[in-house]
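First up is the structure itself, then whatever we jot down about it.
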Amino acid sequence: MNVIEIQETGGPEVLRLVERPQPTLTSPEALLIRVAAAGVNPIDTKIRQRGPMLPAGLPTVLGCDGAGVVEAVGANVTRFQPGDAVWWCHGGLGGAAGNYAEYRVIDQHWVHAKPQTLSLLEAAAAPLVLLTAWEALHDRARIADGQQVLIHAGAGGVGHVAIQLARLAGARVATTISSPEKAALAHELGAEFCINYHDEDVVEAVMDWTAGQGVAVALDTVGPEVFRRTIPAMAYAGDLVTILDPGPELDLKEARLRNLRLSLELMLTPMLRELPQARMHQGQILHRCAELIDRGELRLHVSHTFELAAAADAHRLLEQGHVTGKLVLDLERDR
Numbered sequence: 001m002n003v004i005e006i007q008e009t010g011g012p013e014v015l016r017l018v019e020r021p022q023p024t025l026t027s028p029e030a031l032l033i034r035v036a037a038a039g040v041n042p043i044d045t046k047i048r049q050r051g052p053m054l055p056a057g058l059p060t061v062l063g064c065d066g067a068g069v070v071e072a073v074g075a076n077v078t079r080f081q082p083g084d085a086v087w088w089c090h091g092g093l094g095g096a097a098g099n100y101a102e103y104r105v106i107d108q109h110w111v112h113a114k115p116q117t118l119s120l121l122e123a124a125a126a127p128l129v130l131l132t133a134w135e136a137l138h139d140r141a142r143i144a145d146g147q148q149v150l151i152h153a154g155a156g157g158v159g160h161v162a163i164q165l166a167r168l169a170g171a172r173v174a175t176t177i178s179s180p181e182k183a184a185l186a187h188e189l190g191a192e193f194c195i196n197y198h199d200e201d202v203v204e205a206v207m208d209w210t211a212g213q214g215v216a217v218a219l220d221t222v223g224p225e226v227f228r229r230t231i232p233a234m235a236y237a238g239d240l241v242t243i244l245d246p247g248p249e250l251d252l253k254e255a256r257l258r259n260l261r262l263s264l265e266l267m268l269t270p271m272l273r274e275l276p277q278a279r280m281h282q283g284q285i286l287h288r289c290a291e292l293i294d295r296g297e298l299r300l301h302v303s304h305t306f307e308l309a310a311a312a313d314a315h316r317l318l319e320q321g322h323v324t325g326k327l328v329l330d331l332e333r334d335r
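Counted from 1, the sequence shown has number 327 at position 327 by the UniProt record's numbering; the numbering is strictly sequential.
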């Protein structure tokens, strides 16, 4: 089978198309899945640059998100049968093989029935961003009906689903964007107020929108500088969540004065630490999101697709920044 493998760290050029033996079932709980599509996420580019997060080392295959069709099942598998269409977020961190590959073997407990109304290509774009946004808003910030919420980078991968999940929770949403086209998408997804950070002071705009109170919840999807600059935009006793490392140089005096709750969100932890209860919780989240998707209340925006052999081009585009929605490797295009 064809896979995209990295044998050394570096730029996109280290992503190499190679042929490897097709995997076989390794346990009674395992599924053999023909991968139809794989999501491309920022974590993939970081591992490519810095090396795997798990000790298995190099060479390795990237890709946490995937969707495909079950081809064979282990003797103890009860949840699936050959022919089932599934989605998952598993692998690609340096331990289990990732999804930039034509076939995967995965324990059944990481895999879930894909939403009926999503194509396999769309489904491959979804799990990581859905889990990240849901955990950030519901598990960390405890979002509530009627709150005013700020979502940074609302046209991005996590941001565009976070806007929708916040609206479904009854919140009013403001978001940062960088162009009129991204503002149009954010409004379409439910954002009430868009702030073009190139032209406006984000804190001033938020304070105007909230009548000087600040937002009850903010989600940083960008990085340390945005996290720090969001603190003055927060309401008293608000929740500020970041999905990135806020960095070592962090002055929390203003956050302390505002009695803020500061939260860190990393949806990869159940994989990194082998946490079965957390894995089960994430499965419940994907089930609930699938219901929302199939009711037409939540959607995924895929802006670009690439064949497997063009994975390096996908990484280059992602690292340029300002990608709208998600990027996906379409493995069916190669077959």
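For glycine and all other residues, C-beta sits at the position ideal for the given N, C-alpha and C.
Take residue i and list the residues in its own chain whose beta-carbon comes closer than 8 angstroms to its own, dropping the five residues that flank it on each side.
| i | result |
| --- | --- |
| D145 | A169, G170, A171 |
| L244 | D220, T221, V222, G223, P224, F227 |
| A255 | I231, M234, L240, L262 |
Pull up the distance between the alpha-carbon of residue i and that of residue j, whole angstroms please.
| i | j | result |
| --- | --- | --- |
| H112 | K253 | 44 angstroms |
| E181 | H304 | 16 angstroms |
| Q277 | L93 | 20 angstroms |
| F80 | H287 | 15 angstroms |
| P55 | A96 | 11 angstroms |
| G283 | K114 | 11 angstroms |
| L250 | R228 | 7 angstroms |
| L130 | P52 | 23 angstroms |
| I163 | L298 | 10 angstroms |
| G321 | D44 | 14 angstroms |
| L272 | A36 | 25 angstroms |
| G98 | L292 | 27 angstroms |
| L62 | S179 | 31 angstroms |
| A211 | G83 | 54 angstroms |
| D201 | W87 | 40 angstroms |
| residue 387 | D208 | What the structure shows of the chain is the stretch from 1 to 335, and residue 387 is not part of that stretch, so it cannot be assessed. |
| C64 | M267 | 11 angstroms |
| P28 | V73 | 8 angstroms |
| T176 | E19 | 43 angstroms |
| T117 | N259 | 43 angstroms |
| P23 | I33 | 10 angstroms |
| E71 | C194 | 45 angstroms |
| E274 | A30 | 17 angstroms |
| T60 | E204 | 46 angstroms |
| I6 | D139 | 34 angstroms |
Residue i: which of the options sits nearest, CA to CA?
| i | options | result |
| --- | --- | --- |
| H281 | E135, R79, A237, G83 | E135 |
| residue 337 | A36, L150, R104, L318 | Given a span of 1 to 335 for the chain in the structure shown, any question on residue 337 remains unanswerable. |
| A67 | A125, Q108, L298 | A125 |
| residue 405 | R48, A141, A216, A184 | Past the boundaries of the shown model lies residue 405; the chain is included only from 1 to 335, so the question cannot be answered. |
| P21 | A314, V35, V3, R333 | V3 |
| G223 | A186, A85, P42 | P42 |
| G156 | L128, A141, E200, D208 | L128 |
| L17 | P232, W88, Y100, D208 | Y100 |
| L264 | E274, A30, P246 | P246 |
| T26 | D107, L120, L257 | D107 |
Tell me the DSSP bridge mates of residue i?
| i | result |
| --- | --- |
| R258 | Answer is none; R258 lacks a bridge partner. |
| L88 | At residue 88 the sequence reads Trp, which differs from the Leu that was named. Beta-bridge pairing links W88 to G66, V111. |
| F193 | A174 |
| Y103 | R34 |
| L318 | Paired residue(s): none; L318 is not in a bridge. |
| E5 | R16, V61 |
| L264 | T242 |
| Q148 | R172 |
| K326 | V302 |
| V215 | M234 |
| A72 | L32 |
I'd like the list of long-range same chain contacts for residue i, defined as Cβ closer than 7 angstroms, with 5 residues on each side in sequence excluded.
| i | result |
| --- | --- |
| E8 | V14, L58 |
| I143 | L137, V149, A166, A169, A171, V217 |
| V173 | V149, I151, I163, A166, R167, G190, A191, E192 |
| V206 | L150, A174, G214, V215, A233 |
By DSSP, does residue i sit in helix, in strand, or in coil?
| i | result |
| --- | --- |
| A113 | strand |
| V226 | helix |
| Q81 | coil |
| H281 | helix |
| A136 | helix |
| A166 | helix |
| G51 | coil |
| D220 | strand |
| G39 | strand |
| P23 | coil |
| I293 | helix |
| D208 | helix |
| P248 | coil |
| R142 | coil |
| D313 | helix |
| A155 | coil |
| L93 | coil |
| H187 | helix |
Using C-beta distances below 6 angstroms, list every residue in its chain close to residue i, excluding the 5 sequence neighbours before and after it, in chain order.
| i | result |
| --- | --- |
| H301 | H160, G325 |
| D239 | A141, V217, R261 |
| A290 | P115 |
| A133 | V158, V161, A162, L165 |
| Y197 | T176 |
| P248 | none |
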